[in-house]
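Taking my numbering, the leading residue of the sequence shown gets 48, the next gets one more, and so forth.
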Amino acid sequence: MLSLFLSFFLLVPGFAAADAELDGFRDAGREIPTALIQAGHSQFGALDLSSFLEEISRTPLRWASAKEIGTRNKSGRISARWEIKGGVSSILVNRETWRRFPEEQAIFALHEYLGITGYNDNNYWLSTTMWFLSLKEARQALDEKVLAGRVSHYARMRMASGTVVGVGGGGNILTLHLRAKRLRENLASGQLDEIGN
């Protein structure tokens, strides 16, 4: 009976593809912390990057409609939602939003994982900063004084404590797209004085 079920599961492309695409969300969430570790960082503020990667691996994911996510988010945000209920954490992702912004998928996924682990990433400030600092060309372009100033600012961020029920997020995926685009353009043009604005 089990082999019959598995055969059906493997023959129906939607089942296997959905799982692979959700694995892509998880892989995207790992991308930036992994790059920071490879650059020699073990922490980002109070966030232990190795422990964070383990948490990403354990967090259940599922696709959800824009309507379901928007109804559950008080802000009406429809891209994704993280929630912790009864000690069980999970992330709901809108597949259409996920597919719409492929260049920002790593930041988008990281944003949800930061939220579920207790970090306030409103407007994607932490996730965008982590992404920027994970870029080899950004690290090379920023002198040590500027880099140290930006890292020390976020080193003051501390993990939230206590039990969290419910509210995820903050931030708009289109705003993230525009911010990341501007950072890429500024980095490419050498306009580093515009990075923090």
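Note that beta-carbon positions come from the ideal geometry of N, C-alpha and C, so glycine has one too.
Inter-residue CB distance, residue i and residue j (contact presumed, cutoff 8 Å)
{"i": "GLY162", "j": "TRP110", "result": "Not quite, the Cβ-Cβ distance comes to about 18 Å (not below 8 Å), so this is no contact."}
{"i": "LEU96", "j": "SER89", "result": "6 Å"}
{"i": "TYR166", "j": "LEU94", "result": "7 Å"}
Same chain, Cβ closer than 8 Å to residue i, neighbours up to 5 away in sequence not counted
{"i": "THR222", "result": "ASN170, TYR171"}
{"i": "GLY87", "result": "none"}
{"i": "ILE220", "result": "SER126, THR144, ARG147, PHE148, GLU151, PHE155"}
Cβ pair residue i, residue j closer than 8 Å
{"i": "SER136", "j": "LEU157", "result": "no"}
{"i": "ALA227", "j": "GLU150", "result": "yes"}
{"i": "ALA113", "j": "ASN141", "result": "yes"}
{"i": "ILE138", "j": "GLU115", "result": "no"}
{"i": "LEU91", "j": "LEU83", "result": "In the sequence on display, residue 91 carries Phe and not Leu. Yes, Cβ-Cβ distance for PHE91 and LEU83 is below 8 Å."}
{"i": "THR164", "j": "GLU232", "result": "no"}
{"i": "GLY124", "j": "GLY117", "result": "The question names Gly, yet the displayed sequence has Arg at residue 124. Their beta carbons are under 8 Å apart, which means ARG124 touches GLY117 by this criterion."}
{"i": "THR144", "j": "SER122", "result": "no"}
Sequence-distant residues of the same chain with beta carbon closer than 6 Å to residue i, five excluded per side
{"i": "ASP74", "result": "none"}
{"i": "PRO107", "result": "SER137"}
{"i": "ARG146", "result": "none"}
{"i": "HIS224", "result": "PHE148, GLU151"}
{"i": "SER181", "result": "ILE79, ALA82, LEU83"}
{"i": "SER236", "result": "none"}
Cutoff 7 Å; reference residue i; Cβ partners in own chain excluding five residues on either side
{"i": "ALA153", "result": "ALA75, GLU78, ILE79, TRP178"}
{"i": "LEU234", "result": "GLU184, ALA185, ALA188"}
{"i": "GLN85", "result": "none"}
{"i": "ARG229", "result": "none"}
Enclosing alpha helix (DSSP H) for residue i [first to last residue]
{"i": "SER112", "result": "That residue, SER112, is in no alpha helix (DSSP H); it is neither H nor E in DSSP."}
{"i": "ARG186", "result": "183 to 188"}
{"i": "ALA153", "result": "152 to 163"}
{"i": "ARG105", "result": "96 to 105"}
Unbroken beta strand (DSSP E) run spanning residue i, endpoints
{"i": "SER136", "result": "135 to 140"}
{"i": "ALA235", "result": "Note, ALA235: premise wrong, no beta strand (DSSP E); alpha helix (DSSP H) at 220 to 236."}
Beta-ladder partner(s) of residue i, from DSSP
{"i": "ARG128", "result": "LEU139"}
{"i": "PHE91", "result": "LEU94"}
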